[in-house]
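Participant: Numbers 0 to 474, taken from numbering that gives the first Met the number 0, label the letters of the sequence shown in order.
Ideal Cβ positions, reconstructed from N, Cα and C, are used throughout, including at glycine.
Dumping the structure here so I can ask a few things about it.
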Amino acid sequence: MPFDTIIRGGTVATAADTFACDVGISGGRIAALGADLGTAGEIVDAGGKLVLPGGIDSHIHLAQPSAPGIVMADDFASGTRAAAFGGNTMVLPFALQQKGESLREVVKQYHAKAEGKCYVDVSFHLIIADATDRVLGQELPALVNDGYTSFKVFMTYEGLALSDLEMLNVMSVARETGALVMVHAENYDAIRFLTDRLERAGKTAPHFHATSRPIPVEREATHRAISLAELVDVPVMIVHVSNREAMEEIRRAQTRGLKVYGETCPQYLVLTAKDLEGLNMEGAKYVCSPPPRDQASQVACWEGLQQGVFSLFSSDHCPFRYDDPYGKLAPKGRTSFRWVPNGIPGVETRLPILYSEGVGKGRISLNKFVALTATNHARTYGLYPKKGTIAVGSDADITIWDPTRELTISQSLMHGDCDYTPYEGIRVKGWPISTMVRGKFVVRDAALVGKEGVGQYVAREKSPLAAPRAKETHC
Ligand code: DUC
Ligand code: ZN
Ligand code: ZN
Numbered sequence: 000m001p002f003d004t005i006i007r008g009g010t011v012a013t014a015a016d017t018f019a020c021d022v023g024i025s026g027g028r029i030a031a032l033g034a035d036l037g038t039a040g041e042i043v044d045a046g047g048k049l050v051l052p053g054g055i056d057s058h059i060h061l062a063q064p065s066a067p068g069i070v071m072a073d074d075f076a077s078g079t080r081a082a083a084f085g086g087n088t089m090v091l092p093f094a095l096q097q098k099g100e101s102l103r104e105v106v107k108q109y110h111a112k113a114e115g116k117c118y119v120d121v122s123f124h125l126i127i128a129d130a131t132d133r134v135l136g137q138e139l140p141a142l143v144n145d146g147y148t149s150f151k152v153f154m155t156y157e158g159l160a161l162s163d164l165e166m167l168n169v170m171s172v173a174r175e176t177g178a179l180v181m182v183h184a185e186n187y188d189a190i191r192f193l194t195d196r197l198e199r200a201g202k203t204a205p206h207f208h209a210t211s212r213p214i215p216v217e218r219e220a221t222h223r224a225i226s227l228a229e230l231v232d233v234p235v236m237i238v239h240v241s242n243r244e245a246m247e248e249i250r251r252a253q254t255r256g257l258k259v260y261g262e263t264c265p266q267y268l269v270l271t272a273k274d275l276e277g278l279n280m281e282g283a284k285y286v287c288s289p290p291p292r293d294q295a296s297q298v299a300c301w302e303g304l305q306q307g308v309f310s311l312f313s314s315d316h317c318p319f320r321y322d323d324p325y326g327k328l329a330p331k332g333r334t335s336f337r338w339v340p341n342g343i344p345g346v347e348t349r350l351p352i353l354y355s356e357g358v359g360k361g362r363i364s365l366n367k368f369v370a371l372t373a374t375n376h377a378r379t380y381g382l383y384p385k386k387g388t389i390a391v392g393s394d395a396d397i398t399i400w401d402p403t404r405e406l407t408i409s410q411s412l413m414h415g416d417c418d419y420t421p422y423e424g425i426r427v428k429g430w431p432i433s434t435m436v437r438g439k440f441v442v443r444d445a446a447l448v449g450k451e452g453v454g455q456y457v458a459r460e461k462s463p464l465a466a467p468r469a470k471e472t473h474c
């Protein structure tokens, strides 16, 4: 029998092309594309459906330690289950270092959390919170060589924010090792200044979270991060960009030939700061950073996607339960927005939202959708062409998509452990119905058929996008 499986009669779309084609799968890989592929152990009928590279969500948080008394809603089992139902075949969560911790130890702990739990493939970015000589000189270079080829740095948050000097040192290691730096760009001091003032004025409700982090906070930090990266001559990815001014900083850098990349997320396309104004603590459901802005910012984020300023569309899934003292309704969070856990769920709704609002409403092509949700993630983070496309030799990571299925997003449809979705009530047309990881269905016809643990850890190559422009720098 030449193939294990043939997906027959569907329309295949990649980042480049859309074509009617059957997909022959053997040994977990795509073995042939064409018509009349012959026999297989199983024939899957995809008539009337799209056959897409599985989504890769390269920005999610699972089982991540938070402030004392706060617990993230999803572990590796529930988070990757939700990912699979959302049409994803791979996710890239973060392994978060806290002050004083060995990075290598942290990575070991995350492997222990993920081992035997995942429904889709995973790979870790690192978060560098303690840029000591040992971390920079020994641990980080060794970890990059071991396939942890990207790391995130924060310009804000107590215990996480790096100084400009520390950022430069981390960027310098990235340049030497060929890793890609991801930056959370918000000005920490500006946020502290505004937060203190708001609290002194008694303005503590969740919606003041957005007031405490206005656009200049993000724009300034974006500009600074780009300037620091230019100084070291290292590529950077500015993650979760929310508005025009930050987007234009990235565009300007790109126009100048710098290797500066951008990512935006669903919350910046379909939510606004108004959503944080819900009565009582309802607004806490939308507290994330940077905060959702306004309609003009949504338009800017769409432009960023359409014009290629943003190459990635990720969920920034960072779930905290709402009706839970360990989540959004933690006692301290009721006293001030400062203490409301920061982040919202979204790994399951990322693809339907972009497909419906983007492809369905004529804002982006189907091929751009594939690029923004799968192929570019693989290219950016050293996974291509093993992941992120439908090509002979690539892993058979495939989502079968029903372009006609109309639904209203609702918590009752979700499969993670969070107790709400910030996208409740949004109508979408187009939904993932089956998800196959390395040739095996995890979700089939909207039912879970894969077992916990089928997802594997994937060590990554260095990304060609992380290569510096010049051979020499002045430092
Ligand atoms: N940054 C993230 O990337 N996710 C959630 C919270 C944050 O600040
Ligand atoms: Zn962030
Ligand atoms: Zn995040």
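(1) Excluding the 5 residues preceding and the 5 following residue 94 in the sequence, name in chain order all residues of the same chain whose CB lies nearer than 6 Å to its CB.
(2) Do you know whose CA, among 449, 321, 435, lies nearest residue 87's CA?
(3) Check whether the region 387–405 touches the region 424–431, counting contact only when three or more Cβ pairs, one atom from each stretch, lie closer than 8 Å.
(4) Pull up the DSSP beta-bridge partners for residue 87, would you.
(5) Of the residues 372, 292, 328, which one's Cα is nearest the Cα of residue 497?
(6) What I want to know is whether the C-beta of residue 238 ends up closer than 8 Å to one or more non-hydrogen atoms of ligand 3.
(7) Strictly by DSSP, which residues pair up with residue 217?
(8) Considering only residues of the region 147–232, which uninterrupted beta strand (DSSP E) runs meet the minimum length of 3 residues and lie entirely inside it, listed in chain order?
(9) Taking residue 58 and residue 91 to be in contact with their CB atoms under 8 Å, please state how far apart those CB atoms are, rounded to whole angstroms.
(10) Along the chain, where does the alpha helix (DSSP H) that runs through residue 296 open and close?
(11) Using a Cβ-based criterion (distance less than 8 Å to any ligand heavy atom), does residue 312 qualify as near ligand 2?
(12) Taking 9 Å as the CB-CB limit, is residue 91 close to chain B?
(13) So, is residue 38 buried or exposed, given that buried needs 16 or more other C-beta atoms within 10 angstroms?
(14) Report yes if the CB atom of residue 27 is closer than 9 Å to the CB atom of residue 322, and no otherwise.
(15) Nearest-angstrom Cα distance between residue 17 and residue 194?
(16) Going along the chain, which unbroken runs of the alpha helix (DSSP H) with 4 or more residues stay wholly within the region 383–459?
(17) Pick from 261, 262, 327: whose alpha carbon is nearest that of residue 421?
(18) Mind checking which residues open and close the beta strand (DSSP E) that includes residue 42?
(19) Mind checking which residues open and close the beta strand (DSSP E) that includes residue 236?
(20) In chain order, what residues of the same chain lie with their CB nearer than 6 Å to the CB of residue 297, ignoring the 5 residues before and after it?
(21) Between residue 362 and residue 306, what straight-line distance do the alpha-carbon atoms span, to the nearest angstrom?
(22) Touch check for the region 172–179 and the region 203–210: three-plus C-beta pairs under 8 Å?
(23) Consult DSSP for residue 18 and reduce its assignment to one of helix, strand or coil.
(24) Please give me, in chain order, every unbroken run of the beta strand (DSSP E) with length at least 3 that falls completely inside the region 70–119.
(25) Apply the 10 Å Cβ neighbour rule to residue 375 and answer buried if 16 or more other Cβ atoms are within range, or exposed otherwise.
(26) Which value, in whole angstroms, describes the spacing of the CA atoms of residue 74 and residue 453?
Facilitator: Result, derived from the coordinates:
(1) Within the sequence shown, the letter at position 95 stands for residue 94. Here the set comprises 105, 106, 109, 123, 125.
(2) Position 88 of the sequence shown, counted from the start, is the residue given in the question as residue 87. Comparing Cα-Cα distances from residue 87 to each of 449, 321, 435, the minimum goes to 435.
(3) Yes: at least three Cβ pairs fall under 8 Å.
(4) Translated into positions along the sequence shown, residue 87 becomes position 88. Within the DSSP secondary-structure output, residue 87 pairs in a beta bridge with 54.
(5) Since the first and last residues shown for the chain are 0 and 474, residue 497 lies out of range.
(6) Looking up residue 238 in the sequence shown gives position 239. Under cutoff, so the answer is yes.
(7) Residue 217 sits at position 218 when you count from the first residue of the sequence shown. Paired residues: none, contrary to the question.
(8) DSSP runs (the beta strand (DSSP E)) wholly in the region 147–232: 149–153, 179–183.
(9) On the sequence shown, position 59 is the one that residue 58 refers to. On the sequence shown, position 92 is the one that residue 91 refers to. Residue 58 to residue 91, Cβ: 7 Å. Contact.
(10) Start at 1 with the first residue of the sequence shown, and residue 296 comes out as number 297. Residues 294–305.
(11) The residue labelled residue 312 in the question sits at position 313 within the sequence shown. No - ligand 2 has no heavy atom lying nearer than 8 Å to the Cβ of residue 312.
(12) No chain B appears in the structure shown, which is made up of a single protein chain.
(13) Reading the sequence shown from its first residue, position 39 is the one you call residue 38. Exposed, by the Cβ-count rule.
(14) If you number the sequence shown from 1, residue 27 lands on position 28. If you number the sequence shown from 1, residue 322 lands on position 323. No.
(15) Mapped onto the sequence shown, residue 17 falls at position 18. Mapped onto the sequence shown, residue 194 falls at position 195. In this structure, the alpha-carbon of residue 17 lies about 49 Å from that of residue 194.
(16) none
(17) Here the question's residue 421 lines up with position 422 in the sequence shown. When only C-alpha atoms are compared, the closest one is 327.
(18) As a first step, residue 42 is located in the sequence shown; it is residue number 43 there, counting from the start. Here the beta strand (DSSP E) through residue 42 covers 39–44.
(19) Residue mapping note: residue 236 aligns to position 237 of the sequence shown, counting from 1. Start and end: 235–237.
(20) By 1-based counting over the sequence shown, the position of residue 297 is 298. Taken in chain order, the residues that qualify are 268.
(21) Mapped onto the sequence shown, residue 362 falls at position 363. Mapped onto the sequence shown, residue 306 falls at position 307. Residue 362 and residue 306 have their alpha carbons spaced roughly 11 Å apart.
(22) no
(23) On the sequence shown, residue 18 is found 19 positions in, with the first residue counted as 1. Residue 18: strand per DSSP, three-state reduction.
(24) 87–95
(25) Indexing the sequence shown from 1 puts residue 375 at position 376. Under this definition residue 375 is a buried residue.
(26) Within the sequence shown, residue 74 is the residue found at index 75, counting from 1. Within the sequence shown, residue 453 is the residue found at index 454, counting from 1. Roughly 15 Å between the two C-alpha positions.
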